[in-house]
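A.B. asks:
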Amino acid sequence: MSTPTGPRIPRHLAVIMDGNGRWAQQRRRPRVIGHRAGTRAVNQCIDFCIEQGIEALTLFAFSSENWGRPQDEVGALMKLFMNALDREVAELDRRGVRIRFIGERGRFNEQIRQRMDAAERLTQGNSRLNLAIAASYGGRQDIAAAARGLAEDVAAGRLQPAEIDERLFASRVALADLPPPDLFIRTGGDFRISNFLLWQLAYTELWFTETLWPDLDAATLRCALEDYASRERRFGLTGAQRPDSDASGAAFPPDETSA
Ligand code: FPP
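Everything in the sequence shown is counted per the working numbering, starting at 134 for the first residue and increasing by one.
Written out as structure tokens, the structure is:
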């Protein structure tokens, strides 16, 4: 496990896989061809994380807003998810990957939901890489669901409002059992978080690249990791308070579950 002072390798990588549509358009092909090429990049990214010893990878595959895309694109994406679930899960299991899905599972059709459940059951004992696929996920919806759960506990008398603090709240959002993402990567050239893990990204290092998702390769990912390794993470404190500094006396990082 890396120490908070010198996390040369991120423990948890969160990725927005953007640029599939433009990749296809550049080739005068339908957008779905870009999504198909994107599934190959997903495999590359998983391979890279396993090789580097990254503990957790969270991929934004489909946002709660993506349901509003043209029907044929949504249908094609659903077909791709189905095929990927049928094709890849056994091999990921063999490689020690634990798979989970975060987001509103109820919005997917029965066939996809069953495959999601089965993939989670099959791989739940694995620990080489924690792979989370955000599907019909939205960061605001995640926070709202956590708030609703706490409100229900208060209404039922199980919880006092004064007991609600950051730590308790953090235990109710998605991926609560994982350290928060250390590094966020977005491909495709836009500088946005797009309603991804809003709570969880509070102190995450952000890295953006023009590379379109289907063009992702190990060299690009290595660039991101090198940049990450060169950064000083302070979590709101001063550089002198870092444990690798002589002047340090502070708990570090101050209130991250990865501490
Ligand atoms: C964003 O590119 C990408 C998506 C909305 C879908 C991501 C899906 C995949 C990478 C394939 C399947 C994934 C899994 C986990 C099996 P965009 O369409 O917004 O691209 P654009 O910005 O160029 O239009």
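Backbone N, C-alpha and C fix where the C-beta goes; we use that ideal spot for every residue, glycine too.
1) Could you tell me the boundaries of the alpha helix (DSSP H) in which A303 lies?
2) Would A252 be called buried (16 or more neighbouring beta carbons within 10 Å of its own) or exposed?
3) Once you ignore the five residues that flank E206 on each side, which residues in its own chain have a CB closer than 7 angstroms to its CB?
4) Excluding the 5 residues preceding and the 5 following R155 in the sequence, name in chain order all residues of the same chain whose CB lies nearer than 8 angstroms to its CB.
5) Determine which residues share a DSSP beta bridge with H145 and list them.
6) First and last residue of the beta strand (DSSP E) that includes R233?
7) Which residues mark the beginning and the end of the beta strand (DSSP E) in which F107 is found?
8) For a test of your reading of the model: does the CB of I266 fall under 7 angstroms from any non-hydrogen atom of the ligand FPP? Yes or no.
9) F329 by DSSP, collapsed to three states: which one?
10) Alpha carbon to alpha carbon, what distance is there between G290 and G152?
C.D. replies: Let's see:
1) In the sequence shown, counting from the first residue as 1, residue 303 sits at position 170. Element bounds for A303: 299-303.
2) In the sequence shown, the residue the question calls residue 252 occupies position 119. So A252 counts as buried.
3) Along the sequence shown, read from residue 1 onward, the residue named residue 206 stands at position 73. So the list reads R164, V165, once near-sequence residues are dropped.
4) Counted from its first residue, the sequence shown places residue 155 at position 22. A distance below 8 angstroms between beta-carbons, with the five flanking residues on each side excluded, links R155 to the following residues of its chain, in chain order: G167, G321, L345.
5) On the sequence shown, residue 145 is found 12 positions in, with the first residue counted as 1. BP columns for H145 point to A189.
6) Translated into the one-based positions of the sequence shown, residue 233 becomes position 100. That run of the beta strand (DSSP E) goes 230-235.
7) Any answer about residue 107 is impossible in this case: the structure gives the chain only from 134 up to 392.
8) Position 133 of the sequence shown holds residue 266. At least one heavy atom of the ligand FPP is nearer than 7 angstroms to the Cβ of I266, so yes.
9) Counted from its first residue, the sequence shown places residue 329 at position 196. Annotated three-state conformation of F329 is coil, per DSSP.
10) Here residue 152 refers to the residue found at position 19 when the sequence shown is read from its first residue. Here residue 290 refers to the residue found at position 157 when the sequence shown is read from its first residue. Between G152 and G290, the C-alpha separation is close to 47 angstroms.
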